[in-house]
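For the sequence shown, position 41 (counting from the first letter as 1) is numbered 78 according to the numbering used here, and the numbering increases by one without interruption.
The beta-carbon is built from N, C-alpha and C at its ideal position, and this holds for glycine as well.
Contents: one structure, followed by commentary.
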Amino acid sequence: LDKLLTNIGKNCKEVLMYWANGYAMEEIASKLNYKSDGMVRKKKSLCLQELITLVHNNPQIHQALKHE
């Protein structure tokens with residue numbers, strides 16, 4: 038999964054990691070220098086969709102995640 042996060046880029050990885058660790062959108066915006074929490078929400082949505090696509094396109098990881 039860490040390798041997949043690397044494939045989506047540093048900015049996406051940072052946004053998703055902060056989000057997954059419970060940071061508020063306002064906090065993420067501040068930490069990563071986004072202009073607003075709305076921009077972070079949009080970035081998170083795009084990055085999450087990209088990650089989901091990568092998982093679905095990698096059958097081994099897709100299967101491994103199904104079993105957890």
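Check	Outcome
Suppose contacts are defined by Cβ-Cβ distances below 8 Å. Is V52 in contact with K72 by that definition?	no
Ends of the alpha helix (DSSP H) at S82?	D74 to H93
Classify L38 as helix, strand or coil using the three-state DSSP reduction.	coil
My output table needs one value for N70: the three-state DSSP class, helix, strand or coil.	coil
In the DSSP assignment, find the unbroken alpha helix (DSSP H) run with A101 in it and report its ends.	P96 to K103
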